[in-house]
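I have placed the structure first, in the form of structure tokens, so that the comments after it can refer back to it.
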Amino acid sequence: MGLLDFLSLNKKAPDLTPAYTAIVAQARKPDHYGAGGVPDSFDGRFDMLAIHVHLVLRRLRSEGVARDDIGQALFDMFFRDMDQAMRETGVGDLGVGKKIRKMAQAFYGRAAAYDEAMGKAAPAKADAETVNALKVVLQRNLYPDGDDALSNDELNVLAEDLLALEGKLANRTLEEILAGHVFEVA
Numbered sequence: 001m002g003l004l005d006f007l008s009l010n011k012k013a014p015d016l017t018p019a020y021t022a023i024v025a026q027a028r029k030p031d032h033y034g035a036g037g038v039p040d041s042f043d044g045r046f047d048m049l050a051i052h053v054h055l056v057l058r059r060l061r062s063e064g065v066a067r068d069d070i071g072q073a074l075f076d077m078f079f080r081d082m083d084q085a086m087r088e089t090g091v092g093d094l095g096v097g098k099k100i101r102k103m104a105q106a107f108y109g110r111a112a113a114y115d116e117a118m119g120k121a122a123p124a125k126a127d128a129e130t131v132n133a134l135k136v137v138l139q140r141n142l143y144p145d146g147d148d149a150l151s152n153d154e155l156n157v158l159a160e161d162l163l164a165l166e167g168k169l170a171n172r173t174l175e176e177i178l179a180g181h182v183f184e185v186a
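FYI, in the working numbering the residues of the sequence shown are 1 to 186.
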């Protein structure tokens, strides 16, 4: 078994390129960075992409067990993208595997924390309790050292935006998601 065998293409899933492209576009919107408070760094971009991928995985999970192949293929695509991004930034071949494993652990930890804050069932309720719980998780994930933390207003905007995106996703059919109409109007 090779180092990146867990990233192999899932042969049962349809082409997820349009969906993943839409997820990346949403996660990289300039509004999130700079004035939005999310660090414009590899880690900040990873965190934003991770939560957007997780929102889609939550939506797929709500479809039931039959969507497992699609969810795994999306996860695999995300980590192939992270692998490529690390290589492009100069991380050597020997270091990439370790970093990918560490990132996968971080993703699973974040996903569990987001599920705890938002509830297991998608879409999450966009009430004050959920917004506040999500703000705590976002602050911890985006600024683990407490440095340059997001303001309460920035956290409110980000948490409410993410919950609104999950609400949009709830109204998407699987076919729309696969066609790349993930967060925008189809």
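We treat Cβ as the ideally placed atom computed from N, Cα and C, and that holds for glycine.
All of these numbers come straight from a predicted model, not from anything done at the bench.
**Tyr108, buried or exposed, once every other Cβ within 10 Å from all chains shown has been counted against 16** = The residue labelled residue 108 in the question sits at position 108 within the sequence shown. Result: exposed.
**Selection from Leu134, Arg45 and Arg61 that minimises the alpha carbon distance to Gly71** = Within the sequence shown, residue 71 is the residue found at index 71, counting from 1. Selection Leu134, Arg45 and Arg61 evaluated against Gly71 yields Arg61 as nearest (Cα-Cα).
**Request:** Quick one: grab the DSSP three-state call for Ala66.
**Result:** Residue numbering aside, residue 66 sits at position 66 when the sequence shown is read from its first letter. Note that Ala66 scores a pLDDT of 47, beneath 50, so its modelled location is shaky; the value from the coordinates is reported in the next line. In the structure shown, the three-state DSSP call for Ala66 is helix.
**Prompt:** Do you know offhand how far Asn152's Cα is from Thr17's?
**Reply:** Here residue 152 refers to the residue found at position 152 when the sequence shown is read from its first residue. Here residue 17 refers to the residue found at position 17 when the sequence shown is read from its first residue. C-alpha separation (whole angstroms): 35 Å.
**Message:** To the nearest angstrom, how far is the alpha carbon of Arg58 from that of Gly180?
**Reply:** Residue numbering aside, residue 58 sits at position 58 when the sequence shown is read from its first letter. Residue numbering aside, residue 180 sits at position 180 when the sequence shown is read from its first letter. Approximately 16 Å between the Cα atoms of the pair.
**Unbroken alpha helix (DSSP H) run spanning Pro18, endpoints** = By one-based count along the sequence shown, residue 18 stands at place 18. Per DSSP, Pro18 belongs to the alpha helix (DSSP H) from Thr17 to Ala27.
**Message:** Tell me the residue span of the alpha helix (DSSP H) that contains Lys155.
**Reply:** Position 155 of the sequence shown holds residue 155. Note on identity: in this sequence residue 155 is Leu, with Lys being the wrong assignment. Here the alpha helix (DSSP H) through Leu155 covers Asn152 to Ala170.
**Message:** Considering only DSSP beta bridges, list what Val38 is partnered with.
**Reply:** The count along the sequence shown starts at 1 and reaches residue 38 at position 38. Tyr33.
**Prompt:** Gln84: buried (16+ other C-beta within 10 angstroms of its C-beta) or exposed?
**Reply:** For this step, residue 84 is matched to residue 84 along the sequence shown. So Gln84 counts as exposed.
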